[in-house]
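Colleague: Before we start, here is the structure in question, set down as structure tokens.
2 protein chains.
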Amino acid sequence: MSDQEKINQFMQKCRDKGLSVTPQRLSIFKALMNDSSHPNPETIYKGIKEENPTISFATVYKALETFEKHGIIKMVTSLHNTVRYDPMLQQHHHIVCAKCKKVIDLVDEDLNQIKIPESITKENQFLDFSIQFNVICSECRARQ
Amino acid sequence: MSDQEKINQFMQKCRDKGLSVTPQRLSIFKALMNDSSHPNPETIYKGIKEENPTISFATVYKALETFEKHGIIKMVTSLHNTVRYDPMLQQHHHIVCAKCKKVIDLVDEDLNQIKIPESITKENQFLDFSIQFNVICSECRARQ
DNA sequence: TATTAATTAATAAATATTATCAATTAGAAA
DNA sequence: TTTCTAATTGATAATATTTATTAATTAATA
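The structure is reproduced here in structure tokens:
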């Protein structure tokens with residue numbers, strides 16, 4: 033998809049969701065749309081403030097939150113708010129509630145049998161893997 | 033494994049790694065060892081300060097970091113330091129460097145075919161899943 | 001073009017994490 | 001058991017990240 037197509041799609045999504053297309057939001061989206069480095073708000077802010085010297089850091093934060101909430105971009109780090117620890121050392125997977133951030137362990141031998149792509153082991157020192165299942169838990173679903 | 037066996041194993045690991053077994057560390061480990069809620073440092077701190085009223089929050093932070101570094105516990109949130117965004121909406125997976133926190137996208141149709149365990153879909157509203165491959169990337173490995 | 005609700009910029013406040021350092025203590029050695 | 005030393009702790013300051021507030025501005029609709 034060309035840049036222009038991505039931009040058009042972005043603007044269409046905003047209209048569909050009732051979001052204003054502001055120059056700030058467009059600038060933030062353009063900074064992210066071809067960036068595969070999974071940047072954080074600060075990196076995006078620094079990347080656009082030359083072109084957009086009056087933009088506020090809080091605007092970047094809020095725009096990214098808004099885009100995510102409306103499914104325009106994804107959050108890599110759904111559990112970033114605080115570090116969380118797990119005493120279980122054996123391989124297992126996590127069921128994560130997107131609302132309340134509850135994390136449930138899932139031990140499942142079948143899931144451990146995934147074939148690790150060679151592209152990973154060729155380029156890197158492989159350590160381990162874990163699957164994150166994103167859900168809305170029954171409590172949160174009931175609460176809606 | 034009984035609680036006492038877990039504690040003995042913990043103390044043995046500490047000795048093996050040259051870590052002192054302090055009352056504070058023991059208290060922190062005991063709070064975590066049977067806790068499957070994936071707590072954060074604050075929750076652990078609150079849970080033990082009644083028994084251990086002089087313990088400092090920074091001690092809890094540091095002990096947890098130390099345990100993790102030595103493989104005694106696991107961090108659920110290896111990318112918690114800041115929120116990070118991704119413009120790619122199609123299903124994909126992430127290769128994460130444990131050292132530099134670089135995240136590389138991996139689109140792999142085979143990996144998308146995992147059979148979702150029924151225990152997940154029965155109890156929750158399933159949204160999606162993503163596999164995180166933890167590695168040490170070639171740059172970080174070269175740097176060691 | 002005028003109106004209005006949404007958005008922005010600036011900044012303060014709140015929250016989370018890390019660093020510093022003097023005092024204390026665990027574990028090794030005598 | 002006591003002494004010694006390096007590691008650890010507690011207290012707190014510093015930093016980083018995120019969220020809230022609010023007056024001014026602006027995008028989108030009529």
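From first to last, the protein sequence lines are chains A and B. Counting in our numbering, the first sequence runs without a single skipped number right up to 176 at its last residue. Counting in our numbering, the second sequence runs without a single skipped number right up to 176 at its last residue. Glycine included, each C-beta is placed from N, C-alpha and C at the ideal position. Just so you know, these numbers come straight off a predicted model, no measurement behind them.
#1: Output yes if chain B places a C-beta closer than 8 Å to the C-beta of residue 46/A; else output no.
#2: For a test of the three-state rule: what should DSSP assign to residue 157/B, helix, strand or coil?
#3: Could you give the distance in angstroms between the alpha-carbon of residue 91/A and the alpha-carbon of residue 166/B?
#4: For residue 144/A, does the three-state DSSP call read helix, strand or coil?
#5: Got a sec, what are the start and stop residues for the beta strand (DSSP E) residue 64/A sits in?
#6: Using a cut-off of 7 Å between C-beta atoms, extract the partners of residue 121/B located in chain A.
#7: Spell out whether any CB of chain A is found under 8 Å from the CB atom of residue 141/B.
#8: Spell out whether any CB of chain A is found under 8 Å from the CB atom of residue 98/B.
#9: If you reduce the DSSP assignment to three classes, tell me which class residue 81/A lands in.
#10: When burial is assigned at 16 or more other CB atoms within 10 Å of the CB, is residue 42/A buried or exposed?
#11: Can you tell me which of the three DSSP states residue 164/A falls into?
#12: Since residue 111/B is in the beta strand (DSSP E), which residue starts that stretch and which ends it?
#13: Tell me, please, whether the stretch 110 to 121 of chain B touches the stretch 99 to 107 of chain A by the rule of three or more beta-carbon pairs shorter than 8 Å.
Modeller: So, to answer that:
#1: no
#2: strand
#3: Taking the straight line joining both Cα atoms gives about 33 Å.
#4: helix
#5: Going by DSSP, residue 64/A is part of no beta strand (DSSP E) but of the alpha helix (DSSP H) stretching over 55 to 65.
#6: 106
#7: no
#8: no
#9: coil
#10: buried
#11: strand
#12: Residue 111/B -> no beta strand (DSSP E), and no H or E assigned at all.
#13: yes
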